[in-house]
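What follows is a single structure, written as structure tokens, with notes after it.
2 protein chains.
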Amino acid sequence: MSQNQLFIKILRDSNYSATKARLFVFDLLLKATGPQTMHQLIEASKGIIDRVSVYRVIELYEKLGIAQRINIGWKYKIELSDIFLEHHHHMTCLGCGRVIAVKDDPAFEAMINRLGETHGFVLKQHQLEMQGYCDRCGQGHVS
Amino acid sequence: MSQNQLFIKILRDSNYSATKARLFVFDLLLKATGPQTMHQLIEASKGIIDRVSVYRVIELYEKLGIAQRINIGWKYKIELSDIFLEHHHHMTCLGCGRVIAVKDDPAFEAMINRLGETHGFVLKQHQLEMQGYCDRCGQGHVS
DNA sequence: CATGGATTGCAACAAAATTGCAAAAGATAA
DNA sequence: TTATCTTTTGCAATTTTGTTGCAATCCATG
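Each protein sequence line maps, in turn, to chains A and B. This note's numbering applies: residue 187 is where the first sequence begins, and numbers increase by one. This note's numbering applies: residue 187 is where the second sequence begins, and numbers increase by one.
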């Protein structure tokens, strides 16, 4: 099943129709190289989809688990959730601002779940954001 | 050195003065039981510190590493950074909304740093947000 | 291809955040 | 302490971001 088909299935299964607006914004997120700001999505939709609808579409995506808000530095951005993009975290370079996606491994997942258990929690989700300096930008003491 | 003295030292070391507004908001964060929304800070400052100044103070705190924005669920909140509050993460209960602070252990830190290394990063900071169900709220299948 | 509920766009509104500038407060030196 | 210069604040106005109500349009179903 293609990502588009899966997307439509999720909508239909919850009694939502696959409309022009929803498909358009989904395609934007799918084609995007990384998480998108609301502003970016609204700009890219200019003349095709109204501001308000972009907000409403994203709101629905979140409700259905199609997309999620994540925080890159200061403001939030939107990206497709783990159903479409493999579960991952973000590593941001404090030097050049580059954001890379990082897959975590089973040992990592296990460790986080144990952390939950020791506090009486059954964990359902987690987000990990990391900041540092990438190989191109050195150790952070480059003048 | 008290937390207040440390706070003033950080300001002075960067050539900022310890003004009424800055001290007031710092005290709010210090006395707070958890992360605060901008709205909470602005409300608590009503009649004493202007809205705009609260924004400016928080902006400065972030720049100086005194406070940081973190994401609890949907919106961001402000809390003092690791210099004042021990390094920790947040676990939010999807049932009752309770947020608890969780200390991670050295093994965890090591694992995260290794994760950085394998991607050519030297990590400086990280934030981990977890969501699940607490012991009071059961496994998430309570009717 | 008709039709009825779901969805959209528009306009107006509300909330959150930012900016410019004059007034007030803080630091410094005499 | 006071004079003076710099930083910080409060206010008003503005911009940006997000929300709401409603009539017009779309779209899955028969």
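Built from N, CA and C at the ideal position, the CB exists for glycine as well. Computed from a prediction, not measured in an experiment: that's the story for all the values here.
(message) Counting beta carbon pairs with one atom in the segment 237-249 of chain B and one in the segment 285-302 of chain A, are three or more of them shorter than 8 Å?
(response) Contact check between the segment 285-302 of chain A and the segment 237-249 of chain B: fewer than three CB pairs, one atom from each, fall below 8 Å, which does not count as touching.
(message) If we require 3 or more residues per run, which beta strand (DSSP E) segments fall completely within the segment 243-303 of chain A?
(response) Listed in chain order, the complete beta strand (DSSP E) runs (minimum 3 residues) inside the segment 243-303 of chain A are 253-258, 261-266, 275-279, 285-288.
(request) Decide if C320/B is buried, meaning its Cβ has at least 16 other Cβ atoms within 10 Å, or exposed. (result) By the beta-carbon neighbour count (other beta carbons within 10 angstroms, threshold 16), C320/B is buried.
(request) Helix, strand or coil for H225/A, going by three-state DSSP, please let me know. (result) H225/A falls in the helix class under three-state DSSP.
(message) Tell me the rounded alpha-carbon separation between K289/A and L246/A.
(response) If I take the Cα positions, the gap works out to 26 Å.
(message) I need the DSSP call for K310/A, collapsed to helix, strand or coil.
(response) In the structure shown, K310/A adopts extended strand secondary structure according to DSSP, grouped into three states.
(message) To the nearest angstrom, how far is the alpha carbon of G318/A from that of M297/B?
(response) The straight-line gap separating the alpha-carbon atoms of G318/A and M297/B is approximately 15 Å.
(message) Let's test the definition: count the other Cβ atoms within 10 Å of the Cβ of K263/A and tell me whether it reaches 16, buried, or not, exposed.
(response) Answer is buried; the Cβ neighbour count reaches 16.
(message) Which of the three DSSP states is assigned to Y241/A in this structure?
(response) Three-state DSSP puts Y241/A in a helix.
(message) With the cut-off set at 8 Å, would you say L214/A and L227/A are in Cβ contact?
(response) Result yes, Cβ atoms of L214/A and L227/A sit closer than 8 Å.
(request) Could you tell me which of H273/A, V285/A, A207/A sits nearest to E295/A, measuring between CA atoms? (result) Selected option, being the one with the closest Cα: H273/A.
(request) Could you tell me whether any Cβ in chain B is nearer than 8 Å to the Cβ of Q317/A? (result) Yes, because at least one Cβ of chain B sits closer than 8 Å to the Cβ of Q317/A.
(message) Is it buried or exposed, Q222/A, if we count other Cβ atoms within 10 angstroms and call 16 or more buried?
(response) A residue is called buried once 16 or more other Cβ atoms fall within 10 Å of its Cβ, and Q222/A is buried on that count.
(request) Please name the residue or residues paired with Y173/A in a DSSP beta bridge. (result) What is shown of chain A runs 187 to 329, which leaves residue 173/A out entirely.
(message) List, in chain order, every chain B residue whose beta-carbon is nearer than 8 Å to that of D290/A.
(response) Here the neighbours are L301.
(message) For E248/B, tell me which candidate among V211/B, G220/B, L280/B, H276/B has the shortest Cα-Cα distance.
(response) Ranking V211/B, G220/B, L280/B, H276/B by CA distance to the CA of E248/B puts V211/B first.
(request) Give the secondary structure of D213/A by DSSP, where H, G and I count as helix, E and B as strand, and everything else as coil. (result) The answer is helix: DSSP assigns D213/A an H, G or I state.
(message) Taking CB distances under 8 Å as the criterion, tell me whether M224/A reaches chain B.
(response) Interface residue (Cβ-Cβ distance to chain B less than 8 Å): M224/A is not classified as such.
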